[in-house]
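Numbering (UniProt numbering), first residue to last: 1 to 607.
We put the beta carbon where it would ideally sit given N, CA and C, even for glycine.
Here's the structure we're looking at; comments come further down.
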Amino acid sequence: MIRAFIIEKIGKSSYIHLEDLDDDYVPYVPLKQRRLEKLHRYATQRHRSSHYRQHDEEEEDEPVNDVAGPRANMSLLDQTVQQRLSNAIPEKTEEEKRLEEERRIEEAQARHKALVSVQEAAAGKVYTEPMKSSWQPPKYIREMSVEEQQRIRNKYHIIVEGEDQVPPITDFRDMKFPEPILKYLKEKKIDKPTPIQLQGLPVALKGRDMIGIAFTGSGKTLSFSLPLVMFALEAEVRLPLTQGEGPVGMILCPSRELARQTFEGLSTMAAALVKGGYPELRPLLCIGGIDMREQYDVLKRGIHMVVATPGRLIDLLNKKKINLDNCKYLCMDEADRMIDMGFEEDVRTIMSYFKSQRQTILYSATMPKKIQEFALSALVKPIIVNVGRAGAANLDVIQEVEYVKQEAKMVYLLECLQKTPPPVLIFAENKNDVDDIHEYLLLKGVEAVAIHGGKTQEEREYAIQSFKNYKKDVLVATDVASKGLDFAEIKHVINFDMPKEIEDYVHRIGRTGRSGKTGIATTFINQHCSEQIRLDLKHLLKEAKQRIPPFLAIMEDPTEKYGGLSGGCSFCGGLGHRINDCPKLEQQRRQQMNSIMSSRHIGGGSF
């Protein structure tokens, strides 16, 4: 056969002799010839199968009419049409189609990489049991029935999910804090735990992984700072730290200002313990813009607690200035904002430095379902503590929304400042607007300071401290000051611009109305704001039982045709849209596509 083929191909005039060819010789067959032979084989097989099928049908009494499946004699498209005509496939309603589309989008988001270190993922290491701690609540609380525990939670509107739930404790003394800490809390006029503290503190002290969700100004910082202080104190009492050891635990923050505020709280509690006769605890602040040589003494003697922003912490870990060999406690403050701000890979990098299991705690005021599911990949049997809806506005804030034309904003700003006495916080979207507002207020004789990402660390610290110490009446800021910063006496927050995401709005207005006090938030809005954010704002105002201005009330709500929304968008938490219309998700996809295209462009090359 091979010889016949060669004769046919090379012809009689060829100088190749058949005797010179081995029997095992396999000649080269051109691609075109191979394709023709392949098509010939397919045609032969098809002819045989149709012949056998015809033979089978002749043997049966009744003819076979397959309209679906592999033996059908029509295309898949025709099969689908035929089944729909015979009602074999019921037609889906618009609502079912919408829900199916949302489910597909959510599943695609859930396939995101898990929030675990690369080494653990590569080794397939999975922790099945939560961390153990030596802390135990008093006996009478341990013996409390499930019904009694639930009665306390219902009283304070606390929702708890998870296995082996820890009972709530309504008194700091029952949480077994040392006397100097109780005295410190009394001096700070913190007489009893807030709802997030009475459930969050016992969960953290027990060593359990946790997601804590509560509105702004509810005392979340104390809920994760106090357990870290207690774990550090226990470690120091058992075996004092020496040079090169530590930290016992750390707190990650999305901004320098929030990190410094948390660090100051830890330092104050550590000083209170020393004053009460307990060993010294050494906290370390790791943020950009500060000279780490100033903290060389702390690094030299061993660190108990670290408060850091991700970038500077990774820098110190890479340089081996600190290590996480003995770190057993990790807290991420404003966790959802950190993920959104692009710190996801940084967090995963930091986790790769852990040598063993750690207790992981995530806290935020806005924690959409997407972030919760993503975060659960890093937690072991977590307990979710929720005080109110994730992303809901603080009910102690009176929200006033006013329609102001773009060109009239600056003049109307002075009028708004007359509503309340200082201190007042003004938010703007970009740095240029912050600088313009700051300059305008100074020209009008208003004692104002400004803060944004373009300023030096010294300028930022001066602005925050002078505003906190009541030396300045007004602070103008971008969203760098909206996340977690605690300004206890702020009476009024003004949103010069409506933010692009409703989560940022919730964080901004949460700078007032803190610790049970009432505050006012005024927001300027006009046609420059997208329709989507205006709808989200309308639903948020309705949920908080606030006055809805006429220009928002008359807006056509596309969700009404679905009978309203239940829970809103599962991606960003906005109440005015669903996940298939989420502008934040669309923006994220656009950014991912741009990064892919730019990487391809940089890589360059062609075939």
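N- and C-terminal bounds of the alpha helix (DSSP H) containing residue i
| i | result |
| --- | --- |
| residue 502 | 502-509 |
| residue 495 | Where residue 495 is concerned, there is no enclosing alpha helix (DSSP H), although the beta strand (DSSP E) it sits in stretches over 492-495. |
| residue 310 | 310-318 |
| residue 154 | 146-155 |
| residue 140 | 139-142 |
| residue 349 | 344-351 |
| residue 235 | 220-238 |
| residue 378 | Element bounds for residue 378: n/a, residue is neither H nor E. |
| residue 463 | 457-468 |
| residue 202 | 195-205 |
Secondary structure of residue i, DSSP reduced to three states
| i | result |
| --- | --- |
| residue 440 | helix |
| residue 644 | A question about residue 644 goes unanswered here, because the residues of the chain that appear run from 1 up to 607. |
| residue 266 | helix |
| residue 498 | coil |
| residue 243 | coil |
| residue 553 | helix |
| residue 446 | coil |
| residue 290 | coil |
| residue 37 | helix |
| residue 250 | strand |
| residue 259 | helix |
| residue 476 | strand |
| residue 187 | helix |
| residue 126 | coil |
| residue 354 | coil |
| residue 412 | helix |
| residue 9 | Note that residue 9 has pLDDT 48, beneath the 50 cutoff, so the model's placement of it is unreliable and the number below is only indicative. Three-state result, residue 9: helix. |
| residue 513 | coil |
| residue 182 | helix |
| residue 77 | helix |
| residue 608 | Given that the chain is displayed from residue 1 to residue 607, the structure contains no residue 608 and the question cannot be resolved. |
| residue 296 | helix |
| residue 339 | helix |
Where the beta strand (DSSP E) containing residue i begins and where it ends
| i | result |
| --- | --- |
| residue 329 | 329-333 |
| residue 426 | 424-427 |
| residue 531 | First-last for residue 531: 531-543, but that is the alpha helix (DSSP H), not the beta strand (DSSP E). |
| residue 29 | Where residue 29 is concerned, there is no enclosing beta strand (DSSP E), given that its DSSP letter is neither H nor E. |
Residue j beta carbon less than 8 angstroms from that of residue i
| i | j | result |
| --- | --- | --- |
| residue 655 | residue 190 | Lying outside 1 to 607, the shown extent of the chain, residue 655 is not represented and no answer is given. |
| residue 225 | residue 266 | yes |
| residue 463 | residue 493 | no |
| residue 339 | residue 313 | no |
| residue 487 | residue 425 | yes |
| residue 217 | residue 303 | no |
| residue 537 | residue 404 | no |
| residue 354 | residue 307 | no |
| residue 502 | residue 525 | no |
| residue 204 | residue 361 | yes |
| residue 610 | residue 232 | In the structure as shown, the chain begins at 1 and stops at 607. Residue 610 is therefore absent and cannot be evaluated. |
| residue 399 | residue 541 | yes |
| residue 496 | residue 427 | yes |
| residue 249 | residue 223 | no |
| residue 346 | residue 311 | yes |
| residue 619 | residue 322 | The structure shown does not extend to residue 619, since the chain spans only 1 to 607, so no value can be given for it. |
| residue 285 | residue 260 | yes |
| residue 381 | residue 163 | yes |
| residue 529 | residue 498 | yes |
| residue 421 | residue 275 | no |
Residues bridged to residue i (per DSSP)
| i | result |
| --- | --- |
| residue 363 | 212, 333 |
| residue 402 | 524 |
| residue 283 | 305 |
| residue 383 | 210 |
| residue 519 | 397 |
| residue 160 | 385 |
| residue 451 | 477 |
Nearest-angstrom beta carbon gap, residue j and residue i [assumed within contact, 8 angstroms]
| i | j | result |
| --- | --- | --- |
| residue 363 | residue 396 | About 19 angstroms; that fails the 8 angstroms criterion. |
| residue 511 | residue 485 | 7 angstroms |
| residue 208 | residue 130 | 5 angstroms |
| residue 331 | residue 251 | 5 angstroms |
| residue 283 | residue 270 | 6 angstroms |
| residue 192 | residue 170 | 7 angstroms |
| residue 439 | residue 474 | Residue 439 to residue 474, Cβ: 13 angstroms. No contact. |
| residue 144 | residue 228 | In fact, because the Cβ distance is near 26 angstroms, the residues do not count as touching under 8 angstroms. |
| residue 477 | residue 434 | 7 angstroms |
| residue 454 | residue 472 | The Cβ separation is near 19 angstroms, so there is no contact. |
| residue 175 | residue 202 | 7 angstroms |
Cβ-heavy atom distance, residue i to the ligand COA, below 7 angstroms
| i | result |
| --- | --- |
| residue 177 | With respect to the ligand COA, the structure offers nothing, as it holds no ligand at all. |
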